[in-house]
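Inspection log for the structure reproduced underneath, given as structure tokens.
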Amino acid sequence: MNKKIAVIKGDGIGPEIVTEAMKVLDRVAEVYGHSFEYEQLLMGGASIDVNGVPLTDETIERCKASDAVLMGSIGGDTNTSPWYKLPPEKRPEAGLLGIRKALGLFANLRPSVLYPQLSGACPLKEEISSKGFDMLIMRELTGGLYFGARKTEEIDGVMTAIDTLTYNENEIRRIAVKAFDVAMKRRRKVTSVDKANVLDSSRLWRKVVNEVAKDYPEVTLEHMLVDNSAMQLVKDPAQFDVMVTENMFGDILSDEASMITGSIGMLASASMNETKFGLYEPSGGSAPDIAGQNKANPIATILSAAMMLRFSFDMNAEADAVEAAVKQVLDNGIRTGDIMSEGMTLVSCSGMGDAIAAAIK
Ligand code: NAD
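Numbering (numbering that gives the first Met the number 0), first residue to last: 0 to 360.
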């Protein structure tokens, strides 16, 4: 298969970690007989330096003309970088919001995996962490409270702020479909999170999710209230496969789920539109403190590339091979600085990329 991949290396550690993900993709292409064509594009600080703006129409058009986008990270040191003297709409992060909007990326997928080899980094009790877990939070990204009408005004002499939480059935249906589609490629369980005991938007959410579930008889569906979900995540994360939820609940729960793995350099993510098109990037930022030192952990970006293989290209065996290679390298005791522990072998960012690429057989 031949696929066109738009590559936005970005700022800080972005170029280092994306280079390693491309190394792994090239190895996949070699082993499985594919060809991946890369087009390098500018966004964020790197684009400001060249074009004066964090995102150009050209970058958007080239991304749209590709099969998927692989991204590093955007932004610099917010205290010292000249990019942060610009008005907010011209800063690096504005490019991130702009591209998500331009590409219609409404579904945010964040896997949260605790590898048994790294269970020492998990802040949960050993009896919970020793079981490991492998879940994915599917967060609605373009609706709800963060996008509803808002105002602050004086009502009867009292300052009052109003935010509105709106979802229509179409917005709920498309994210639910995405969640069930992804569950079909995993352990076939969906937990839909809402606050249906209080909110109208949640009652509609639950009704539409139930309707969508009828098209997926192989998938087990459960509904869980958001407060209970926050508790269950720290009590028994292994019970979850795919968790689907609206924008604000997803914002909070996905951070909780990522923290219980304990390692930011391991967390992949994807944002998708209604088709198989997606933008794949690590959950962490540009880590200016270690940029340019060949020290960053490229695994989150490599696992994001594996998500691209699975969800945008339907290359399941290839994605499995990348994930297995990551586990194998961890089993062999190879570690970057952020996940280093006693008795393990410390490698650089490129050393980790080499080891994972070599483990793909
Ligand atoms: P950060 O995620 O960049 O860094 C937090 C800490 O985690 C740092 O100590 C860093 O060294 C470490 N870290 C992050 N990724 C790592 C990796 N792959 N390997 C090893 N260590 C890693 O968060 P921050 O410092 O708050 O933000 C720095 C910049 O990144 C800011 O400009 C911020 O706006 C931007 N940012 C961008 C994105 C994105 O591109 N999607 C996301 C978050 C933050």
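Beta carbons: idealized from backbone N, C-alpha and C, even for Gly.
- Burial check for THR335: the Cβ neighbour count within 10 Å reaches 16 or more, so the residue is buried.
- If you check the C-beta of ALA286 against the ligand NAD, you find a heavy atom less than 6 Å away.
- By the criterion of a C-beta distance shorter than 7 Å, GLN238 is surrounded in its chain by GLN231, once the five residues flanking it on both sides are discounted.
- Runs of the alpha helix (DSSP H) spanning 4 or more residues and lying entirely within the segment 53-103 occur at 56-63, 91-101, in chain order.
- DSSP places SER200 inside the alpha helix (DSSP H), whose first and last residues are 199-212.
- Counting other Cβ atoms within 10 Å of its Cβ, MET271 reaches 16 or more and is therefore classed as buried.
- In the structure shown, ASN107 adopts extended strand secondary structure according to DSSP, grouped into three states.
- In the displayed model, LEU123 falls within coil according to three-state DSSP, outside both helix and strand.
- Selection ILE59, ALA67, ALA45 evaluated against PRO81 yields ALA45 as nearest (Cα-Cα).
- Where SER347 is concerned, there is no enclosing beta strand (DSSP E), because DSSP gives it neither an H nor an E.
- With a cutoff of 7 Å on beta-carbon distance, VAL192 and MET242 are scored as near each other.
- Using a C-beta cut-off of 8 Å, the segment 116-128 makes no contact with the segment 219-229, since fewer than three inter-stretch Cβ pairs fall below that distance.
- For ASN50, the enclosing alpha helix (DSSP H) starts and ends at 44-50.
- Taking every protein chain shown into account, the CB of GLU317 has 16 or more other CB atoms within 10 angstroms, so this residue is buried.
- The closest heavy atom of the ligand NAD lies 6 Å or more from the beta carbon of GLU19.
- For PRO236, no alpha helix (DSSP H) encloses it, and the DSSP letter there is neither H nor E.
- Closer than 6 Å to some heavy atom of the ligand NAD: that describes the Cβ of ALA295.
- With fewer than 16 neighbouring CB atoms inside 10 Å of its own CB, ASN1 falls in the exposed class.
- Considering only LYS100, GLY43, ARG90, LEU302, the residue with the shortest C-alpha distance to GLY142 is LYS100.
- Here GLY283 carries a coil assignment [DSSP, helix/strand/coil].
- By the neighbour-count criterion, in which a residue is buried when 16 or more other Cβ atoms sit within 10 angstroms of its Cβ, ILE73 is buried.
- If you ignore the 5 residues before and after ASN296, its C-beta comes within less than 6 Å of the C-beta of GLY264, THR335, ASP337, all in its own chain and listed in chain order.
- Taking C-beta atoms as the reference points, ASP10 and SER285 count as a pair closer than 7 Å.
- Between THR165 and GLY147, the CB-CB gap stays under 7 Å.
- Distances from the alpha-carbon of GLU125 to those of VAL346, THR300, ASP235 put ASP235 closest.
- Excluding sequence positions up to five before and after LYS8, its CB lies within less than 6 Å of the CB of PRO14, VAL17, GLY71, all in the same chain and listed in chain order.
- Fully enclosed beta strand (DSSP E) runs of no fewer than 3 residues occupy 277-281 of the segment 273-325, in order along the chain.
- Under DSSP, VAL243 shares a beta bridge with MET137, SER191.
- Inter-segment contact for the segment 86-106 and the segment 171-191 is present: three or more beta-carbon pairs are separated by less than 8 Å.
- Cβ-Cβ separation between ILE359 and ARG26: approximately 5 Å, consistent with a contact (criterion under 8 Å).
- Taking the Cα of ARG186 as reference, the smallest distance to any Cα among ASP133, VAL328, ALA20, GLU139 is reached at ASP133.
- Here THR344 is actually not in contact with GLY352; their C-beta atoms are around 15 Å apart, not less than 8 Å.
- For ALA269, the enclosing beta strand (DSSP E) covers residues 267-271.
- In this structure, the alpha-carbon of LEU40 lies about 10 Å from that of LEU54.
- The C-beta separation of ILE59 from ILE98 comes to about 7 Å, placing the pair in contact by the 8 Å criterion.
- When the five nearest sequence neighbours on each side are left out, the beta carbons in the same chain lying within less than 7 Å of the beta carbon of MET314 are those of LEU308, in order along the chain.
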